[in-house]
Amino acid sequence: MTYARIHGAFDALLARGEAAAAVLAGCGALAAMLLVSADAVIRHLFAQPLTFQLYFTEHYLLVSMALLALPWGFRTGGFIRIEGFAMAVPLSLRGPLLRTGLLAGAGYIGYLGWLGLGKFQEALAGHEVDMGVIDWPIAWSWIWVPLGCGLLALRLTLAASAPTAPLFRTTHD
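My numbering puts the last residue of the sequence shown at 1201; the count rises by one with no breaks.
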């Protein structure tokens, strides 16, 4: 099996995971919109707020929405790359420069995911809760950090190690 085929198999597998994460992010966005709208209507009509809505939306739904969509967004081109310096270096150095940047980004994002995993495990083991009308378990608001950052770090690493994929554009689309 050639390197390109192995890379392609990993890419396809990761793309499935990213798609599943993006669907979960979309469900989180939909749930957030429905909860905020329902809270507004119920407050207006019945003067009774949904007491759980703000905390749940703020600490669970929005965090999952933002972090789970990151790897899919990167894979589908939803990123900004400042190419001024890369275009100024000789063509033979552009690929290694951009691959190094992707690997540095993967390392940083992977480290953030690792820290998030540590915080999740610490909160889970300590049974940490945020007390209010409802005692919210803190750990489950942190689980999205290692999941989203981990998938993005894998995507960046896979992009940096791609055998034939173009790392930069030669013309503006």
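Just so you know, even glycine gets a beta-carbon here, dropped at the ideal spot from N, CA and C.
Under the criterion of beta carbons closer than 8 Å, Arg1183 and Pro1118 do not qualify as touching, at roughly 28 Å. With a 10 Å radius around the Cβ and a threshold of 16 neighbouring Cβ atoms, Ala1048 comes out exposed.
Residue state for Asp1163 is assigned as coil, using DSSP reduced to three classes.
Taking 4 residues as the minimum length, the alpha helix (DSSP H) runs contained wholly in the stretch 1055-1105 are 1081-1084 and 1090-1103, in order along the chain.
The beta carbons of Trp1172 and Ser1092 sit closer together than 8 Å.
Taking 8 Å as the cut-off, the Cβ atoms of Ala1053 and Ala1097 count as close. One Cα belongs to Gly1146, the other to Pro1191, and the distance between them is close to 34 Å.
When C-alpha distances from Ile1166 are compared across Ala1059, Trp1142, Asp1039 and Glu1086, the shortest belongs to Glu1086.
A residue is called buried once 16 or more other Cβ atoms fall within 10 Å of its Cβ, and Gln1081 is buried on that count.
The beta carbon of Gly1160 sits closer than 7 Å to those of Tyr1083, all from its chain and outside the five residues before and after it, given in chain order.
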